[in-house]
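Numbering (the working numbering), first residue to last: 11 to 372.
Below: the structure, in C-alpha cells.
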Amino acid sequence: MTVSALKQDTIAAIATAIVPEQGSVGIVRLSGAEAVAIARVLFHAPGQQAWESHRILYGYLRQPATQTLIDEALLLLMLAPRSYTREDVVEFHCHGGMMAVQQVLQACLDCGARLAEPGEFTLRAFLNGRIDLTQAESIADLVGARSPQAAQTALAGLQGKLAQPIRQLRATCLDILAEVEARIDFEDDLPPLDEALIKTQLTQVLAEVTRILDTADQGELLRSGLKVAIVGRPNVGKSSLLNAWSRSDRAIVTELPGTTRDVVESQLVVGGIPIQVLDTAGIRDAEDVVEKIGVERSRRAAQAADLVLLTLDASQGWTDADREIYEQVKGRSLILVMNKIDLVMQEGIEEERERRREREGE
11 MTVSALKQDT IAAIATAIVP EQGSVGIVRL SGAEAVAIAR VLFHAPGQQA WESHRILYGY
71 LRQPATQTLI DEALLLLMLA PRSYTREDVV EFHCHGGMMA VQQVLQACLD CGARLAEPGE
131 FTLRAFLNGR IDLTQAESIA DLVGARSPQA AQTALAGLQG KLAQPIRQLR ATCLDILAEV
191 EARIDFEDDL PPLDEALIKT QLTQVLAEVT RILDTADQGE LLRSGLKVAI VGRPNVGKSS
251 LLNAWSRSDR AIVTELPGTT RDVVESQLVV GGIPIQVLDT AGIRDAEDVV EKIGVERSRR
311 AAQAADLVLL TLDASQGWTD ADREIYEQVK GRSLILVMNK IDLVMQEGIE EERERRRERE
371 GE
C-alpha cells in the first residue's frame, strides 16, 4: 500500500486485547480524515456535550442502519495534529470482552473505515513525523516487555535516548565530511586540514558506535531473553529442577526413567531477563517409538538453546552415558549441574553413623 493511500484511508481496529469473558474495558480506535464523521454517525451523546479535541464524551453507540443499541460507552476525541498518528483520532471506550468491541469495529467498517493492518497506527505516526524508527521499535518492545527492566529500556528508547546519540553521531560525521570536502573544492582558499583533529574525532565516533552496539546487545537480551535447555540421561532429576525453578508441577516426576516424552517449557524472569526453560526427555538409545521422538527433540532443543544445563546424578557420579551426552552438547554454552546432591550427603551421614556404631561396639 502506498504512502498516499495510507494518508487518504480512515482506518479502524480494536486497540485492546480480546480475551473472552475477561477485561472490563475494550477500545476501538479510528484514525484518518473521516474519523470524526464516522464517530458522529455511530455515537449519540445526550445533552449539550461539546465535540472538542481531548475531551471525553458519554453516550451510546448504535448500528447506523437500524439504530440498534450496541453499547453504552465513552468517546475520546483527539484532533490532528495532537494525536498518536497526527491525524484525527477517535477512540470508543466500551465494555470489554469480545462482542461489544467486535460490533463497534464492524459498525466503523460499515461506515467506510478500513480495517487497519498490523502496526498501521504506528506506521502512520512514523510517516507523519510523530516518532522515528527507534521509537517505533521501542513501542513494540514496551508492548512485549516481560520484565520491569525490559519495560524501562523500552521507555528509554521511546523517550529518544537512543535516537539522540545517533543524531549527534550523524552531525559529527557530517561536520568531518564537510571539512574534508571543503579542502577538496577550495584547497587554495583554506588552511591545511588538521588531520590529527579529524583522527581524534573519528576515534571518538567509533568509540561511541561501539558503546551503542554494546547496549544493543543488552537490549536484545532483555527483549528476547534466554532459552535454557535442561538435558541429561533419564532419571537424573531434570523435571524436578524445572518444577523447583518454576515453583509449580509443570513436569511429571516419577522414579521411572523416560517419564518425560516431550519438551516441557516454563517461563521465568531472573535478574530482569526473561528465561524460557526447557525440560527435555532423557537422552538415551530408546526402543520405544514415542520416546525416540522425544530424545530427538531433546537434541534439537539443546542445539537451539542459548545455554545448556547438562544435569548429572551426583549419587552415581560421571558415567559413560553422561560422557556421550557431553560430546553432543560440548560446543554450546554449557553448565554442569550436579543434582541429587542430598543423596550423596545422606550416604555420607549413614557411613559416619556406621563407623560410630563400630567404635562404640569396641
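Each residue gets a CB set at the ideal place from its N, CA and C atoms; glycine is no exception.
In this structure, Leu231 is the residue among Arg50, Leu231, Ala135, Leu85 with its C-alpha nearest to the C-alpha of Ser157. Rounded to whole angstroms, the gap between the alpha carbons of Asp289 and Leu251 is 8 Å. Here the C-alpha atom of Val38 lies approximately 10 Å from the C-alpha atom of Leu86. If one requires a minimum length of 3 residues, the beta strand (DSSP E) runs lying completely within the region 13-80 are 21-24, 35-41, 65-72, in chain order. Listed in chain order, the non-local C-beta contacts of Ala43 below 8 Å within the same chain comprise Gln18, Thr20, Glu97, Asp98, local neighbours out to five positions each way being set aside. Distances from the alpha-carbon of Gly170 to those of Ile149, Glu127, Glu218, Pro56 put Ile149 closest. Restricting attention to Ala146, Leu67, Ser325, the CA atom closest to the CA of Pro56 is found in Leu67. Between Leu236 and Leu317 the beta-carbon gap is near 6 Å, inside 8 Å, which marks them as a contact. Exposed is the label assigned to Thr78, since fewer than 16 other Cβ atoms lie within 10 Å of its Cβ. Under the three-state reduction of DSSP, Thr210 is assigned to helix.
Taking C-beta separations shorter than 7 Å and ignoring five residues to either side along the sequence, Arg257 has no partners in its chain. For Ala75, the closest of Leu84, Ala60, Ile48, Leu89 by C-alpha to C-alpha distance is Ile48. Note that the C-beta distance between Ala123 and Leu40 is below 9 Å.
DSSP places Cys104 inside the beta strand (DSSP E), whose first and last residues are 99-105. In its chain, beyond the 5 residues on either side, Gly167, Leu172, Ala173 have a beta carbon closer than 6 Å to the beta carbon of Thr144. The C-beta distance from Ile335 to Val287 rounds to 18 Å, too long to fall under 8 Å, and the pair is not in contact. Excluding sequence positions up to five before and after Arg92, its CB lies within less than 8 Å of the CB of Ser63, His64, all in the same chain and listed in chain order. Contact between Leu203 and Glu191 does not hold, since the beta-carbon distance rounds to 11 Å and is not under 8 Å. In summary, Thr210 is exposed, with fewer than 16 beta-carbon neighbours lying within 10 Å of its beta-carbon over all protein chains present. For Ala331, the secondary structure class from DSSP, reduced to helix, strand or coil, is helix.
Taking a C-beta distance under 9 Å as the contact criterion, Leu322 and Ile345 do not qualify as a contact pair.
Each residue's CA atom was taken as its position, placing Gly282 and Ala160 some 7 Å apart. As DSSP reads the structure, Ala126 sits in no beta bridge. DSSP lists Val287, Leu317 as the bridge partner or partners of Val238. One thing to note: Gly36 has its Cβ within 9 Å of the Cβ of Val111. Of Ala291, Lys248, Ala315, the smallest CA-CA separation from Gly304 is found for Ala291. Here Val215 is actually not in contact with Ile285; their C-beta atoms are around 36 Å apart, not less than 8 Å. Rounded to the nearest whole angstrom, the CA to CA distance from Val273 to Arg333 is 22 Å. In terms of Cβ geometry, Asp81 and Leu71 form a close pair [threshold 9 Å].
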